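This report refers to the structure that appears directly beneath it.
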Amino acid sequence: MAGKTHSSYEAIASSALPPQAENREVPRKKAIASDWRIICDDVAIGLGAIDNATVDLTITSPPYYRHRDYGVEGQIGAEPHIRAYVDQFRRVFSELLRVTTPVGTCFVVIGDTYRHQELLLIPHRLALLAAECGWIVRNDIIWSKLDPPPESPRNRWRTGHEHILFLTKNRSRYKFNADSIRVPYAQATIKRWGNGQVYGGQKSSQRQLPKDSRMRHGKSFRLNPNGCIPTDVWTLPAGDSSVRHYATFPERLIQPIVEVCSEPGDLVLDPFAGSGTTCRVAILMGRRTIGIELNPEYAELARKQLKELSTRTD
Ligand SMILES: C[S@@+](CC[C@H](N)C(=O)[O-])C[C@H]1O[C@@H](n2cnc3c(N)ncnc32)[C@H](O)[C@@H]1O
0 MAGKTHSSYE
10 AIASSALPPQ
20 AENREVPRKK
30 AIASDWRIIC
40 DDVAIGLGAI
50 DNATVDLTIT
60 SPPYYRHRDY
70 GVEGQIGAEP
80 HIRAYVDQFR
90 RVFSELLRVT
100 TPVGTCFVVI
110 GDTYRHQELL
120 LIPHRLALLA
130 AECGWIVRND
140 IIWSKLDPPP
150 ESPRNRWRTG
160 HEHILFLTKN
170 RSRYKFNADS
180 IRVPYAQATI
190 KRWGNGQVYG
200 GQKSSQRQLP
210 KDSRMRHGKS
220 FRLNPNGCIP
230 TDVWTLPAGD
240 SSVRHYATFP
250 ERLIQPIVEV
260 CSEPGDLVLD
270 PFAGSGTTCR
280 VAILMGRRTI
290 GIELNPEYAE
300 LARKQLKELS
310 TRTD
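Heads up: the sequence shown at position 103 corresponds to 102 in numbering that gives the first Met the number 0, and the numbers run straight through without jumps.
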């Protein structure tokens, strides 16, 4: 960037930038009964009870294929064939699109499954299906786990990540408060790009047909003094939950999403609510929330946690 030196960016990085998302405290807010609702039913029936274009943000983690038994009839994830599993999401994605506001977004946390030594590519299948149902796939975020579950394959690499599909209803107009999640540039980025280097540079200008260049010809790259948007690889531990549910996702995964893609008072949905992690974080951050959960025991657990938030005294 013209006129800016490497060291002036370092000064900005160390002083004025917001803290890393993962170090942020969730602003605490009390819940009131009208802020939340847990529907104990099948996902299709639960979604059918929600009005058109009322949900601002969905954050969910559906049952992964053949990972766990949630102990309830009608559960998704136990289908004998992968196609039957994926097919169930056609209705889910279509219903989610219907209930989402025009500027709303949806995040689907999903892991993959090996069967007969073969990786089934479930996140990719679900991303393609979501697109078929009318969603725009904006990111395939990788959640790199600091503490992946133990496994001991002998002839492939261990699995250390899950996917977070970031889906939007509109191609470009949706809630995304970029400034709320900016982080300092990496030192290597500042060194390489911080002095206004020309993107494409000499190599680009020497091309016979500059239009053929994959890089935009001679574009200088400006570092934003407020920092950059984090990348699509999120490194976080998996387990920071003590609730009685096998597959809770960590609150720290949810907080930055709620912060960037919704505003106080917005409605946040989790159609596979489990113990209610999304709903809890939504309430703590001043949003309203609906959770749908088939297993009555988990639905009750989610309700209990939300009730506790309303009686908390801090
Ligand atoms: C991966 S877990 C979600 C865990 C949640 N993110 C949490 O933090 O507790 C998936 C949940 O989907 C529920 N589920 C399975 N089949 C369902 C269905 N057909 N309709 C609604 N919920 C279902 C399971 O009981 C399970 O609690």
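We treat Cβ as the ideally placed atom computed from N, Cα and C, and that holds for glycine. What you are looking at is a predicted structure, and each value in this text was computed from that prediction instead of being measured.
query	result
Mind pulling the alpha helix (DSSP H) runs of 4 or more residues that sit fully within the stretch 237-294?	250-260 and 276-283
Do Phe271 and ligand 1 come close, with the Cβ less than 7 Å from some heavy atom?	yes
Under 8 Å Cβ to Cβ from His91, same chain only, skipping five residues before and after it: list those, please.	Before going on, a small fix: residue 91 reads as Val here, not His. Contacts found: Val42, Ala43, Leu46, Pro61 and Pro270.
For a test of the three-state rule: what should DSSP assign to Ala75, helix, strand or coil?	Note on identity: in this sequence residue 75 is Ile, with Ala being the wrong assignment. DSSP places Ile75 in coil when its eight states are reduced to three.
Would you mind sorting Gln186 into buried or exposed? The rule is 16 or more other CB atoms within 10 Å of its CB.	exposed
Considering only C-alpha positions, which residue in the set Gly76, Thr104 and Asp50 is nearest to Arg170?	Thr104
Does the pairing of the stretch 298-309 with the stretch 47-58 give three or more beta-carbon distances under 8 Å?	no
Return yes when at least one heavy atom of ligand 1 lies under 7 Å from the C-beta of Val42, else no.	yes
What residues are listed by DSSP as bridge partners for Phe165?	Phe106 and Asn138
8 Å is my cut-off, CB to CB: does Arg137 come that close to chain C?	The structure shown contains no chain C, having only a single protein chain.
Taking only the alpha-carbon atoms, compute the straight-line gap between Ile397 and Ile121 and give it to the nearest angstrom.	In the structure as shown, the chain begins at 0 and stops at 313. Residue 397 is therefore absent and cannot be evaluated.
By the 10 Å Cβ neighbour count, where 16 or more other Cβ atoms means buried, how is Val115 classified, buried or exposed?	It is worth fixing the name first, because residue 115 is His in this sequence and not Val. Burial call: exposed.
Would a C-beta distance cut-off of 8 Å place Val182 and Arg124 closer than the cut-off?	no
Between the Cα of Cys39 and those of Glu307, Ser309, Leu308 and Ile289, spot the shortest distance and give me the residue it belongs to.	Ile289
Using CA atoms only, rank isn't needed, just tell me which of Met284, Pro263 and Val102 is closest to Gln254.	Met284
Going by alpha carbons, who is nearest to Arg279 out of Asp178, Pro249 and Ser93?	Pro249
I want to know whether the stretch 74-82 touches the stretch 126-134 - three or more CB-CB distances under 8 Å.	no
Under three-state DSSP, which class holds Asp55?	strand
Between which two residues does the alpha helix (DSSP H) containing Arg36 stretch?	No alpha helix (DSSP H) holds Arg36; the beta strand (DSSP E) holding it covers Trp35 to Cys39.
Please state whether DSSP places Glu150 in a helix, a strand or coil.	coil
Specify the secondary structure class of Ala20 as computed by DSSP and reduced to three states.	Caution applies to Ala20, whose pLDDT of 43 falls short of 50 and renders its modelled position unreliable; the value that the coordinates give is listed next. Correct three-state label for Ala20: helix.
Between which two residues does the beta strand (DSSP E) containing Trp156 stretch?	Here Trp156 belongs to no beta strand (DSSP E), and DSSP marks it neither H nor E.
Could you pull the start and end residues of the alpha helix (DSSP H) that Leu127 belongs to?	Ile121 to Glu131
What is the rounded straight-line gap between the Cα of Gly273 and the Cα of Tyr297?	5 Å
List the DSSP bridge partners of Asp117.	It should be noted that the sequence gives Glu, not Asp, for residue 117. DSSP output for Glu117 lists Arg114 as bridge partner(s).
Would you decide whether Asp34 is buried or exposed? Buried here means 16 or more other CB atoms lie within 10 Å of its CB.	buried
Taking the DSSP output, what are the residues bridged to Thr234?	Ser143
In chain order, what residues of the same chain have a beta carbon less than 6 Å from the beta carbon of Thr167, not counting five sequence neighbours either side?	Thr104, Ile135, Arg137 and Tyr173
Below 7 Å CB to CB, which residues in the same chain sit around Ser179 once its five sequence neighbours on both sides are set aside?	Glu258 and Val259
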